[in-house]
Structures are given as structure tokens and as C-alpha cells.
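Going letter by letter, the sequence shown gives residues 15 to 151 in the working numbering. Reviewing the structure listed below.
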Amino acid sequence: MNNSRWPHAFFAAAALYAMIGVCWGLAMGATHNHATYSAHAHLNLLGWASLGLMGTYYAILGQAVSKWVKLANFVLSNLGVLLMIPGVYMYLGQAGPPALYGPMIGIGSLLVATGFLVFVVTVIMGLFRPASPAATA
Ligand code: HEM
15 MNNSRWPHAF
25 FAAAALYAMI
35 GVCWGLAMGA
45 THNHATYSAH
55 AHLNLLGWAS
65 LGLMGTYYAI
75 LGQAVSKWVK
85 LANFVLSNLG
95 VLLMIPGVYM
105 YLGQAGPPAL
115 YGPMIGIGSL
125 LVATGFLVFV
135 VTVIMGLFRP
145 ASPAATA
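Shown next as C-alpha cells:
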């Protein structure tokens, strides 16, 4: 994938999570059943807000970041959300056996954390990358 497509990939995933999260919120409001609000909140904040912010960083400041770093960040963060959020949903709604949702939450949250680690290291390394000649400060 061309480097410039990575912000689009992050935004496409983020927008999908936002659509699901917003519908989830509407469903909670309509049914007056807020039992799963924490999973809704984490989907919106990890899926929509965090992936959107990562995509924004790569669009504005990430041109020099290797595509493998962006790929690793994208895969880890998305797999994490896709495992963790259904796991938290099952846990809150008591909709599945603990033997299933326990590992989903555990592995998913570790993947999310590792995705953030990749992102944090990338951002900090960017701080020390030589500035382009056009930059003034
Ligand atoms: C149409 C859009 C949305 C609707 C109808 C909606 C609805 C809801 C509802 C009903 C709750 C449960 C409140 C409670 O029981 O305390 C909730 C919680 C929450 N939502 Fe949403 N939501 C929407 C979009 C979003 C978005 C876009 C975000 C973040 C980017 C978000 C973040 C949160 C958070 C953080 C909580 C937990 C708040 C708390 O601790 O009480 N929501 N939402």
C-alpha cells in the first residue's frame, strides 16, 4: 500500500467503528437498557477517537514513517478492538461463557496496548527526526 493511503485506512476503520458505536448508543437510548454502555464507550474512544487521531498524525506528520510501522500499528489496534469490544459486551451482558470472553478481553486489551506502544514510540522518534528544509522551527 502506498504510504499516503495509510491515513485513509485508519479513517475508514475509525468511521466504521463510529457508525457502529453511534447506532449502539441509539439502541441503548431507545431501549433504556444501558447495561453495555462501557463497551459502547470503549468502542467509540478506542475505535473512533484513537484510530482517528492516529490517522491524523500519520496524515500530517507521518510521511517519513515506514509502512511496516503503520501496518503494525493498524493491525494491532484493529485486532485489539475487534477482540476486546465484543468480549466486554459479552461480559457486561452476560452473553457468553467466561472461558470465551475472558481471553477475548485479555488478548484484545494487550493488542490495543501494543498498538499504542508502537504509536508512542513512533511519535517520540519523530520528535528527533531531522526537520525537512522547509521547516522553520
Ligand atoms: C448518537 C450517538 C450516541 C448516543 C445516542 C450515545 C448514547 C450513550 C448512552 C445511552 C450512554 C449510557 C449513559 C449511562 O448509562 O451513563 C453512553 C455512554 C457513553 N458514551 Fe455514548 N452515545 C453516542 C455517541 C458517543 C460517542 C461518539 C462517544 C465518544 C467518542 C461516546 C462516548 C461515551 C462514553 C465515554 C460513555 C460513558 C459515559 C459514562 O461514564 O457515563 N458516545 N452513550
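Positions of the beta carbon are idealized from the N, C-alpha and C atoms, including for glycine.
Residue i Cβ short of 7 angstroms to ligand 1 heavy atom set
i: Ala26; result: no
i: Met118; result: no
i: Leu67; result: no
i: Asn58; result: yes
i: Tyr51; result: yes
i: His54; result: yes
i: Ala29; result: no
i: Gly35; result: yes
i: Leu141; result: no
i: Met98; result: no
Contact under 8 angstroms by Cβ, residue i with residue j
i: Gly94; j: Leu125; result: yes
i: Trp38; j: Lys84; result: no
i: Ala78; j: Arg143; result: yes
i: Phe88; j: Ala29; result: no
Same chain, Cβ closer than 7 angstroms to residue i, five either side skipped, listed in chain order
i: Tyr51; result: Met42
i: Asn16; result: Here Asn16 scores only 49 on pLDDT, less than 50, and its place in the model should not be relied on; the value that follows carries that caveat. Once the five neighbours on either side are set aside, Asn16 has no close Cβ partner at all.
i: Asn92; result: Ala27
Whole-number beta carbon distance between residue j and residue i, since they are thought to touch under 8 angstroms
i: Leu90; j: Gly129; result: 4 angstroms
i: Leu96; j: Ala49; result: Actually they are not in contact, since the Cβ atoms of Leu96 and Ala49 sit about 21 angstroms apart, beyond 8 angstroms.
i: Ile119; j: Gly140; result: The pair is not a contact, with the Cβ atoms about 31 angstroms apart (cut-off 8 angstroms).
Sequence-distant residues of the same chain with beta carbon closer than 6 angstroms to residue i, five excluded per side
i: Ile61; result: A small fix is needed here, since residue 61 is Gly in this sequence, not Ile. Closer than 6 angstroms at Cβ, skipping near neighbours: Tyr31, Val95.
i: Phe25; result: Gly69
i: Tyr103; result: Thr50, Ala53
Residues of its chain near residue i, where Cβ-Cβ distance is below 8 angstroms and the 5 sequence neighbours each way are ignored
i: Ile99; result: Ala53, His56, Leu57, Leu60, Gly61, Gly122
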